[in-house]
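S.K.:
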Amino acid sequence: MIFKEIVEFIEDLFGECEKPIPLHSPIFCGNEKKYINECIDSTFVSSTGEFVDRFEEMVASFTGAGYAVSTVNGTAALHMALMLAGVKSGDNVLTQAVTFVATTNAITYCGAHPVFLDSDRDTLGLSPEALEAFLAEYCEKRDDGFTYDREMGRRITACVAMHVFGHPVRIEEIKSVCERYNIALVEDAAESLGSFFKGRHTGTFGNLGILSFNGNKTITTGGGGMLLTNDAELAKKAKHLTTTAKVSHPWELSHDSIGYNYRLPNINAALGCAQMEMLPLFLEKKRELSIRYKKFFESLGVPFVSEPVECRSNYWLNAIILDGVRERNEFLEYVNNNGVIVTRPLWTLMNKLPMYAGCKTDGLENARWLEERIVNIPSGVIM
Ligand SMILES: Cc1ncc(COP(=O)(O)O)c(C=O)c1O
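Written as structure tokens, this is what we have:
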């Protein structure tokens, strides 16, 4: 029986691992304890300290982003990115229905309305054709240079493209559509640290991009995020607004706008520095795992989600595509009862969540197809 074979193969791959074998757990085998102890010894565990600067420099250097500004988590980074992209209350923001809820929540934090568009079946992320088709059919560029939803009159300020499970979306084409319609592009690269599109790191194509360092990601700071941009002015604003908009002064305590306490504590950044040192090895190990999975699933005739052409994916979460919702449910049920590995289906499409049920969508044909078939399997680093 194919389900049994899959479970046995994964159990074999992960060897002595705890049971059930998790989807993705963190690994601490470098300088984590050393740096955290340094942090404690210095007493700089909170809002300032040298690890924050070091961590930001390491991420900027690895990704090639002009600037990296750390935040308390990826959701806060997304909220800040959307505000800096000019998203205002009452605007529309275009995004994909296939995403984690944080993408959509961040749009709502700005008082804006999400619009859910279709995905490509190979990248799993936002389809540039769906984006173009939606804009051509339902929107218009007006004399002020901005694009508006024709029916509702709302300005379309930004588009958020998300690199699903670390597989890069067709970001160049998405960027070119956004530029034509004068729409800011924000990349939700929460899952794609170490993923590249034509040699350039995901999260560095848009006006702004974000990363997450939540415990289930490729590297972790416990909780944490990072804002990426090549725009010096935006980076300066991001640093200011994420650190309560405090005016720099030797003794006065003053703030010049409504800021946010979104900064990453130094103790989390210390963990991040140690994890960044391990990142190349983690990526190598994750690639080895994906190659073994690909070979195995090909031998079974089960489609395995591989990196798109001209892309290098971090394979954050490996995914297989089952025959349909019936086979998917049977597999999830078998695996849950069996208790050896952890698996999960794709997120419920955003437009099906009760708080987003009234939002505008296109046909979401591919999104629905993917929702019925995708299953994630254990993807953590095997040392
Ligand atoms: C696509 C996506 N966006 C945003 C986030 C939010 O990041 P965080 O959990 O660090 O707030 C996550 C994951 O956690 C994510 O997977």
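Going by this note's numbering, 1214 is the number at position 190 of the sequence shown; the sequence numbering is gapless.
Cβ atoms here follow ideal geometry from the backbone N, Cα and C, with glycine treated the same way.
Since the model is a prediction, treat every value here as computed from it, not as a measurement.
1) Looking only at its chain, what residues have a beta carbon closer than 8 Å to the beta carbon of L1265, apart from the 5 residues adjacent to it on each side?
2) Identify the continuous beta strand (DSSP E) that holds M1300 and give its terminal residues.
3) Between the beta-carbon of P1044 and the beta-carbon of I1365, is there less than 8 Å?
4) Would you please verify whether the beta carbon of M1250 is less than 8 Å from any beta carbon of chain C?
5) Give a single yes or no on whether S1085 has its beta carbon closer than 7 Å to a heavy atom of ligand 1.
6) Any heavy atom of ligand 1 closer than 7 Å to the CB of A1017?
7) Measure the C-alpha to C-alpha separation of S1119 and C1183 and round it to an integer number of angstroms.
8) With distance defined between alpha-carbon atoms, name the residue in D1142, D1146 and G1169 nearest to A1157.
9) Would the C-beta of S1066 count as close to ligand 1, meaning under 7 Å from any of its heavy atoms?
10) Please state if the CB of R1368 and the CB of N1400 are separated by a distance shorter than 8 Å.
11) So the candidates are I1243, D1347 and F1229; which of them puts its Cα closest to the Cα of L1341?
12) In the DSSP assignment, find the alpha helix (DSSP H) that holds P1138 and state where it starts and stops.
13) Need the endpoints of the alpha helix (DSSP H) that C1041 sits in, please.
14) Please confirm whether any heavy atom of ligand 1 lies closer than 7 Å to the CB of M1186.
15) Shorter than 7 Å, the distance from the beta carbon of F1124 to the closest heavy atom of ligand 1, or not?
M.R.: This is what the structure gives:
1) M1104, M1107, L1108, S1281, G1283, Y1284 and Y1286
2) Looking at the DSSP string, M1300 is not in any beta strand (DSSP E); the run it does join, the alpha helix (DSSP H), is N1290 to L1324.
3) yes
4) In the structure shown, chain C does not exist; there is a single protein chain.
5) no
6) Nothing about residue 1017 can be reported from this structure: the residues present for the chain run from 1025 to 1407 only.
7) Looking at the sequence itself, residue 1119 is Thr, so the reference to Ser does not match. One C-alpha to the other measures close to 6 Å.
8) D1142
9) no
10) yes
11) I1243
12) Looking at the DSSP string, P1138 is not in any alpha helix (DSSP H); the run it does join, the beta strand (DSSP E), is H1137 to L1141.
13) Unbroken run through C1041: none, as it is neither H nor E.
14) yes
15) yes
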